[in-house]
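The structure appears right after this line, and notes come after that.
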Amino acid sequence: MRAFLTRLLGLFRRARAERDLAAELESHLQLHIDDNLRAGMTPAEARRQALLKLGGLEPVKENWRDRHGFPGVENLVRDLRHAARMTLRNPGFTAAAILTLALGIGANTAIFSVTDALLLKSLPVQNPDKLVIFAGWDPGIHSWMYNYTWRELQELRRRLASFAGITSSWTADRSGAFVNGRADEERTHIGIVSGNYFQVLGVAPVIGRSFDDREPAAVISHAYWERQFALAPDVLGRTLAMNGTVLTIVGVAPRAFTGDTVGQPVDVWIPAALAPRAVSRWPQRLEFNPLRIIARLRPGVTARQAEAETRPVYNQLSRELRLGPGQSAPSHDGVFLLPEGQGISRPRQHYQRPIVILTIVAGLVLLIACANTANLFLTRSEARRKEIAVRLALGAGRGRIMRQLLLESIVIALPAGAAGLALAWWSTGALAQLARYGPWAVDLTLAPDARMLAYTAGLCILTSIVFGLAPALAATNVELYTAVKGAINGPGRFRLGKSLVVVQVALSLVLLIGAGLFVRTLHNLKSQDLGFERAHLLVVRTDTGPRPPAPASDVFAQIARIPGVRSVSSSHFGLLMNAVFIEISVPGYVARSPADAIVGADQITPRYLETLGMRLLAGREFTEQDMQDPPGRMRVALVNESMARRFFGRTDVVGRRFKWDRDTDVEIVGVVRDAAYSSLRDRSAAMVYMPEGSDWQDLTDVCLILRTTDDSPGLVRRVREELHAVAPDVTIHSVDWMDAAIDQSLAIERMVAWMAGLFGALALVLACVGLYGVMSYVAARRTGEIGIRVSLGATPAGITRLVLGDALLLAIAGVALGVPAVFIASRSVAGLLFGIGGTDGLTIAGSAALLLAVTMAAAWLPACRASRIDPMQALRSE
Amino acid sequence: MAEKTDVWQGTLALMVLKTLESMGPLHGYGIARRIEQTSGDLLALNYGTLYPALLKLEQEGYISSEWGVSENNRKAKFYKLTRAGYKQLAREARQWEQATEIMTRFLAPKEN
Numbered sequence: 014m015r016a017f018l019t020r021l022l023g024l025f026r027r028a029r030a031e032r033d034l035a036a037e038l039e040s041h042l043q044l045h046i047d048d049n050l051r052a053g054m055t056p057a058e059a060r061r062q063a064l065l066k067l068g069g070l071e072p073v074k075e076n077w078r079d080r081h082g083f084p085g086v087e088n089l090v091r092d093l094r095h096a097a098r099m100t101l102r103n104p105g106f107t108a109a110a111i112l113t114l115a116l117g118i119g120a121n122t123a124i125f126s127v128t129d130a131l132l133l134k135s136l137p138v139q140n141p142d143k144l145v146i147f148a149g150w151d152p153g154i155h156s157w158m159y160n161y162t163w164r165e166l167q168e169l170r171r172r173l174a175s176f177a178g179i180t181s182s183w184t185a186d187r188s189g190a191f192v193n194g195r196a197d198e199e200r201t202h203i204g205i206v207s208g209n210y211f212q213v214l215g216v217a218p219v220i221g222r223s224f225d226d227r228e229p230a231a232v233i234s235h236a237y238w239e240r241q242f243a244l245a246p247d248v249l250g251r252t253l254a255m256n257g258t259v260l261t262i263v264g265v266a267p268r269a270f271t272g273d274t275v276g277q278p279v280d281v282w283i284p285a286a287l288a289p290r291a292v293s294r295w296p297q298r299l300e301f302n303p304l305r306i307i308a309r310l311r312p313g314v315t316a317r318q319a320e321a322e323t324r325p326v327y328n329q330l331s332r333e334l335r336l337g338p339g340q341s342a343p344s345h346d347g348v349f350l351l352p353e354g355q356g357i358s359r360p361r362q363h364y365q366r367p368i369v370i371l372t373i374v375a376g377l378v379l380l381i382a383c384a385n386t387a388n389l390f391l392t393r394s395e396a397r398r399k400e401i402a403v404r405l406a407l408g409a410g411r412g413r414i415m416r417q418l419l420l421e422s423i424v425i426a427l428p429a430g431a432a433g434l435a436l437a438w439w440s441t442g443a444l445a446q447l448a449r450y451g452p453w454a455v456d457l458t459l460a461p462d463a464r465m466l467a468y469t470a471g472l473c474i475l476t477s478i479v480f481g482l483a484p485a486l487a488a489t490n491v492e493l494y495t496a497v498k499g500a501i502n503g504p505g506r507f508r509l510g511k512s513l514v515v516v517q518v519a520l521s522l523v524l525l526i527g528a529g530l531f532v533r534t535l536h537n538l539k540s541q542d543l544g545f546e547r548a549h550l551l552v553v554r555t556d557t558g559p560r561p562p563a564p565a566s567d568v569f570a571q572i573a574r575i576p577g578v579r580s581v582s583s584s585h586f587g588l589l590m591n592a593v594f595i596e597i598s599v600p601g602y603v604a605r606s607p608a609d610a611i612v613g614a615d616q617i618t619p620r621y622l623e624t625l626g627m628r629l630l631a632g633r634e635f636t637e638q639d640m641q642d643p644p645g646r647m648r649v650a651l652v653n654e655s656m657a658r659r660f661f662g663r664t665d666v667v668g669r670r671f672k673w674d675r676d677t678d679v680e681i682v683g684v685v686r687d688a689a690y691s692s693l694r695d696r697s698a699a700m701v702y703m704p705e706g707s708d709w710q711d712l713t714d715v716c717l718i719l720r721t722t723d724d725s726p727g728l729v730r731r732v733r734e735e736l737h738a739v740a741p742d743v744t745i746h747s748v749d750w751m752d753a754a755i756d757q758s759l760a761i762e763r764m765v766a767w768m769a770g771l772f773g774a775l776a777l778v779l780a781c782v783g784l785y786g787v788m789s790y791v792a793a794r795r796t797g798e799i800g801i802r803v804s805l806g807a808t809p810a811g812i813t814r815l816v817l818g819d820a821l822l823l824a825i826a827g828v829a830l831g832v833p834a835v836f837i838a839s840r841s842v843a844g845l846l847f848g849i850g851g852t853d854g855l856t857i858a859g860s861a862a863l864l865l866a867v868t869m870a871a872a873w874l875p876a877c878r879a880s881r882i883d884p885m886q887a888l889r890s891e
Numbered sequence: 003m004a005e006k007t008d009v010w011q012g013t014l015a016l017m018v019l020k021t022l023e024s025m026g027p028l029h030g031y032g033i034a035r036r037i038e039q040t041s042g043d044l045l046a047l048n049y050g051t052l053y054p055a056l057l058k059l060e061q062e063g064y065i066s067s068e069w070g071v072s073e074n075n076r077k078a079k080f081y082k083l084t085r086a087g088y089k090q091l092a093r094e095a096r097q098w099e100q101a102t103e104i105m106t107r108f109l110a111p112k113e114n
């Protein structure tokens, strides 16, 4: 052990120890020579004998070195130094290789950070794999539903034994709480949870404690603590006023914990029992409050066992609820237990496919970058054949030389990884920004963490092996005699380099076509006929405060008077938001599936169609009278073409009736042209528009829609001011131009199109660099041959054609390989495209033509250089 | 002159330790000479092999070294036993005696 430590130290005191040894051996010789002289030898003989007896200076030193320090490690260090020197000697080469790889690694790391945050990471809770969430399956909309009621929670808690704890959670977005007597301008995201929520999840507040079931208290998020209280240590005991209810802050959650839904961070958690009072427009009877049921499995109990116990219990509970005094319906027809360790996330399902595809795209870019670097290394190691052959001839092992070459690739890969990480760091900000908009906005904190570092390090090592191994194998496999002599093998060699270029071209083609498809999808979505006029349309989202605001008619009249406003209307959900889905029935129409009876619905006010510019095909718009639904009067509705066609088989359905909610009769008073109402992708969704009921009168959560004459920012300010003047208690969430809102709703598509386009361009550039490198190298190697051709009468144009023809052959081979790959890959992206097929001929032909043209341009320079070869010089160098 | 024997594997260290014990601090050349003389010039010691052995002993902490001046005024590196070295010498000598005893019994003519 002691010897090991000394040897380890020996690594660092190398030079001094060597000097010491030399001096010691010198003194040894002197002493021996002195003795020999005394014995009567001549000085020359004395020295010779002494040296003989010692066994030669260098062998002794070599033996001593084997003992001193660790020769293996020292060799490695020496090889590393050599590798670093070699890479620094070729700064252009090194820069190109590092840049190429950095782009590839950066792209992958950035995508990984999103994938990790949204799809992979577990909730920051104790044993996340032991958490389950109760869910019912809704066949109508083909989705899991997580909502239960307070009553169901209480009963399940009492009757189930498989769980260590059962808790509840729900999220509500409401206008700001009053903090320090001042209204929070932003929306506050409220977590409505049971008293045992933090305990069941295993999340301990960083300061303070969590609350009891009925305590007027709140736990705030770390971000909210920072935003509202500047991390003040005395935050505990301060109060928040929500909807007039005063809550004492008793704890702050850890920074990492933002609730049980991913991408929708909670600001303030409050006890569920207080929600009816503290949250505006919340169901006043506690037993009907919506909630998600989250439970922690008892140790040793599997989710499957727990589900087996839960099913009959829930079915029994459902029967009791139906027959019970209140005759309330159970929330779902059955119950499933789903893993909750990663947290539920609605955005997740919308981002999953795009993210998976972008991950694959980024992977392909990295592969191209690897191929490129491998090619650079290959051409360089070909140029170093002589050096390598000499080292092999001098007795260096093949393994040693391969290690040397692999070390050189690691020397390139490490800084590339660091640069890639920096690139990813910088771009995750932009990615998070892209994800923060749109209908599935997610608030992701994409800070680089240990997982990201580990991923990048893994990528580095993997890539250096991928791009370093093949050239190293090729380089050490040389025939010593020919290589040392400097002879160049026939032009048939370098097959590896050429096939790498073919693969690069093929992959670039796939990426280019993908980019083309996504960019055109974005364009198609943006430029399609929406069914309403998108220009000069202002959308104002509001929320009422604790006191009832001014009458809606006053508000509308006030706003309509603003110069520049042509007409004003409102709807409950507004455009491009998910409308509510309702089940309807029409006499004589038999739904083929439960989903067939479902239509989208929204509630609107007079002048809606006029304001939006939607075309009325038949009948009339709603009037003021339609808004007041006096008892006994028939309810009225507008429907769109798709609804009319599906349920009636025709579009002239004015005067026909359908049933809503099983027993409410509704008469159709007008038919509207289809519009991209809740989604830009689906214009043909069946829609029913109902009049806003009497609750419209107090402006509850409505979305005001204004048709204006221009898009001036002054107008936006004016609308805010007037609204504030006429209804001071109304909070304005947002005032957006429809154009901008449409743009925002395309966040995912834009992200995909941008990234795909960026990666496609990157791939194109990389493929060109690769082709350029290979063609330059091949042309240089054929110098002798070209010299002969020229001296036999070949024209410069002929030589150019010769080299270009070679390059064209490679590019065409790549295209031939890439097109079938596109046909295979297109199926997986079809769902993300709009208005264009996955194998769109124009996109494929255009991309192939672009690729061929650009590769030809890249080969032009080497071709010209080859055509200017002086035959005399070329032949002499052979 | 009798045929010279090579130094057996592993015995060189013991010889070095023993030499240092009996002679006190000594330089490499002195150690080599002393080993040869003690063996009655029957050992063929390649002086060069001494230095890796000295390095090993020093790394193991049994000897320490210091630059000094030799009897005929030459600068030389002197080695001396450490306390661990004395112990190690005792241990190795005992082991060696046991080994030789066994070998002697083996090779001794059978007693009748």
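As given, the protein sequences belong to chains A and B, one line each in that order.
For what it's worth, the working numbering labels the leading residue of the first sequence as 14, then goes sequentially.
For what it's worth, the working numbering labels the leading residue of the second sequence as 3, then goes sequentially.
Cβ coordinates follow ideal geometry from the N, Cα and C atoms, glycine included.
All of these numbers come straight from a predicted model, not from anything done at the bench.
Contacts of residue i in chain A (Cβ-Cβ under 8 Å)
i       : result
B/Leu57 : Trp77, Arg80 and His81
Proximity of residue i and residue j at Cβ, strictly below 9 Å
i        : j        : result
A/Leu89  : A/Leu420 : yes
A/Leu736 : A/Thr624 : no
A/Thr441 : A/Ala760 : no
B/Leu52  : B/Gly30  : yes
A/Val599 : A/Val748 : no
A/Met465 : A/Phe847 : no
A/Pro884 : A/Ser804 : yes
Listed by chain order, chain A residues near residue i by CB distance under 7 Å
i        : result
B/Ser72  : Leu44
B/Pro111 : Ordered by position in chain A, no residue passes the 7 Å Cβ test against B/Pro111, which lies about 39 Å from the chain.
Under 7 Å by beta carbon: chain B residues contacting residue i
i       : result
A/Leu67 : Tyr49 and Gly50
Beta-carbon neighbours of residue i, restricted to chain A and to distances below 9 Å
i       : result
B/Ala78 : Glu37, Ser40, His41, Gln43 and Leu44
B/Gly30 : Glu37, Leu38, Ser40, His41 and Leu44
B/Pro27 : Ordered by position in chain A, no residue passes the 9 Å Cβ test against B/Pro27, which lies about 14 Å from the chain.
Three-state secondary structure assigned by DSSP to residue i
i        : result
B/Gln100 : helix
A/Gln616 : strand
B/Tyr81  : strand
A/Ala810 : helix
B/Asn48  : coil
A/Glu798 : helix
A/Val73  : helix
B/Glu60  : helix
A/Asn502 : Interpretation of A/Asn502 is limited by its pLDDT of 48, a score under 50 that renders its predicted location unreliable; no figure is taken from the coordinates.
A/Pro352 : strand
A/Ile262 : strand
CB contact below 9 Å: residue i versus chain E
i        : result
A/Leu771 : The question asks about chain E, but that chain is absent: this structure's protein chains are A and B.
Within chain B, partners of residue i - CB distance below 8 Å
i       : result
A/Pro72 : Gly50
A/Cys47 : Going by the sequence as given, residue 47 of chain A is Asp instead of Cys. Going along chain B in sequence order, the residues near A/Asp47 (Cβ under 8 Å) are Asn74 and Arg76.
Those residues which DSSP pairs with residue i across a bridge
i        : result
A/Thr957 : In the structure as shown, chain A begins at 14 and stops at 891. Residue 957 of chain A is therefore absent and cannot be evaluated.
A/Pro218 : Its beta-bridge partners do not exist; DSSP assigns none.
A/Cys716 : A/Arg554 and A/Ser584
A/Trp157 : A/Trp150
B/Leu28  : B/Tyr81
A/Val748 : A/Val553
A/Ile595 : A/Val612
A/Tyr702 : A/Asp615 and A/Leu651
_Is it the case that the segment 752–766 of chain A contacts the segment 364–376 of chain A, given that we only count it when at least three CB pairs across the two stretches are under 8 Å?_
They touch, by the three-pair rule.
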